[in-house]
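The next block holds one structure in the form of structure tokens; read it before the comments.
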Amino acid sequence: MAVAHALPVINIDRLSMGEAMRAPVIQEIVLACHEQGCFPVVNHGISKSVMKGALEAASEFFKLSTEHKEKFASADVQQPIRYDTSSRDGISTARSLLKHYANPLKDWVQFCPINPPTYMKKMGDYAVEIQGVSMQLMEATFEGLGLGPLYLQEKLENGVQFLALNNYPQFSHCGDKSSPGLEVMHHEDDTWTAVPAIPGAFHVHIGDNLEVLSNGQLKSLVHRTILNPDESRISIASIHGLSMDEKVYCAKELGGAPGDVQGKQLP
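According to the UniProt record's numbering, the sequence shown is numbered sequentially starting from 1.
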């Protein structure tokens, strides 16, 4: 059962409006990362057409034949592109997943599906723009931690980005018809909070690596998907970080020591 905990909605276009407007937004971001581990962002600068195009490309891919989609099936999570399905609560295909790398796009576009024909263009446009939003948010977060906006900038610009396309099909099963689809765990009391659907917003999740890097000042997020019996749902997650072969340690400016054993490999 989900309990009501307000999630702050952060308007990030103020990050580019001068120091007087930028500073309060940075404080909002760091506070949300500390207290919730997540927050929705609005006015992020990505057009409705680019967002719609990415969702259309995902939908068209998942409508392809099982035979076609399974060409990308692999048990190796390091594959550049991978298709998989999972079952849940007795539902044979409760989730379909397509995951592929996207940064730098020119290095990975060769692995993208050629069907549907518009997939590479639509998903590529989306990947490039969401990478830009991610960099903007990371700069603000590091500035709020006192590390400066350029902290790890080059490594993140050249780091990993992968897109995870999730398809949750409609099914015949009793369930909570009012659920918006995503719930996050509240850190203080381990209760679940339903994430409201905000048109045009992106939901930002903090991962384990940022919790380690910040020496626990930022909190990684636990979340879950609630299946809806009356409608299918598609989501696109964009995951960002350092290169796959680089470990993350607590920043020495925040109390970390060189070679800190808390280092974690990126997933």
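Heads up, the beta-carbon is just placed ideally off N, CA and C, and yes, glycines get one too.
### Backbone CA spacing between Pro169 and His240 [nearest angstrom]
The residue you call residue 169 lines up with position 169 of the sequence shown. The residue you call residue 240 lines up with position 240 of the sequence shown. So the two alpha carbons sit approximately 27 angstroms from each other.
#### Entry: C-alpha gap between Met244 and Pro8, whole angstroms
Along the sequence shown, read from residue 1 onward, the residue named residue 244 stands at position 244. Along the sequence shown, read from residue 1 onward, the residue named residue 8 stands at position 8. Approximately 31 angstroms, taken between the alpha carbons.
#### Entry: Those residues which DSSP pairs with residue 334 across a bridge
Absent from the structure is residue 334, since the part of the chain shown begins at 1 and ends at 267.
### Message
Which residue wins for smallest C-alpha separation from Lys155, given the options Pro113, Asn11, Val248, Leu254?
### Response
Locating residue 155 in the sequence shown gives position 155, where the first residue counts as 1. If we check each option's Cα against that of Lys155, Val248 comes out closest.
### Message
Is the separation between the beta-carbon of Pro113 and that of Phe61 shorter than 8 angstroms?
### Response
Translated into the one-based positions of the sequence shown, residue 113 becomes position 113. Translated into the one-based positions of the sequence shown, residue 61 becomes position 61. Yes, these two residues count as a Cβ contact at 8 angstroms.
### Task
State buried or exposed for Lys99, treating a residue as buried only when at least 16 other CB atoms are found within 10 Å of its CB.
Along the sequence shown, one-based indexing puts residue 99 at 99. Counting Cβ neighbours within 10 Å, Lys99 comes out buried, since at least 16 surround it.
### Query
Quick one: what's Ile234 bridged to in DSSP?
Position 234 of the sequence shown, counted from the first residue, corresponds to residue 234. Paired residue(s): Asn167.
### Cys38, DSSP secondary structure in three states
Taking the sequence shown and counting its residues from 1, one reaches residue 38 at position 38. Correct three-state label for Cys38: strand.
### Query
Using CA coordinates, which residue listed in Leu163, Gly144, Ser232 is at the minimum distance from Leu105?
In the sequence shown, the residue the question calls residue 105 occupies position 105. Answer by Cα proximity: Leu163.
### Message
For a cutoff of 8 angstroms on Cβ pairs, would you count Gly159 as touching chain C?
### Response
Given the protein chain composition of this structure (a single chain), no chain C is represented.
### Query
How about Pro149 and Glu143: are their beta carbons less than 8 angstroms apart?
In the sequence shown, residue 149 corresponds to position 149, counting from 1. In the sequence shown, residue 143 corresponds to position 143, counting from 1. It is a contact, given that the beta carbons lie within the stated cut-off.
### Query
Of all the options Trp192, Glu246, Leu145, Thr225, which has the alpha carbon lying nearest to the alpha carbon of Gln36?
Position 36 of the sequence shown, counting from 1, holds the residue named residue 36. Closest by alpha carbon: Trp192.
### Assigned secondary structure, His68 (DSSP; H/G/I helix, E/B strand, else coil)
Numbered from its first residue, the sequence shown carries residue 68 at position 68. Here His68 carries a helix assignment [DSSP, helix/strand/coil].
### Query
How is Thr141 classed by DSSP in three states: helix, strand or coil?
Looking up residue 141 in the sequence shown gives position 141. Three-state result, Thr141: helix.
### Message
Please report the distance separating the alpha-carbon of Gly53 from that of Asp107.
### Response
Looking up residue 53 in the sequence shown gives position 53. Looking up residue 107 in the sequence shown gives position 107. Taking the straight line from one Cα to the other gives about 22 angstroms.
### Query
Among residues of its own chain, excluding the 5 on either side of Ile206, which ones have a beta-carbon nearer than 8 angstroms to its beta-carbon?
Counted from its first residue, the sequence shown places residue 206 at position 206. Correct list, in chain order: Cys33, Gly37, Cys38, Leu218, Lys219, Ser220, Leu221.
### Query
My guess is that Ser59 and Ile234 are in contact by the Cβ rule of under 8 angstroms, so how many angstroms apart are they, rounded?
To locate residue 59, count along the sequence shown from 1; it is residue 59. To locate residue 234, count along the sequence shown from 1; it is residue 234. Contact flag correct, Cβ pair sits at about 6 angstroms.
### Task
Work out the CA separation of Pro196 and Cys174 for me, nearest whole Å.
Counting from 1 along the sequence shown, the entry for residue 174 is found at position 174. Counting from 1 along the sequence shown, the entry for residue 196 is found at position 196. Residue confidence is low: Cys174 scores 36 on pLDDT, short of 50, so the model does not pin down where it sits. Its coordinate-derived value is still stated next. One C-alpha to the other measures close to 21 angstroms.
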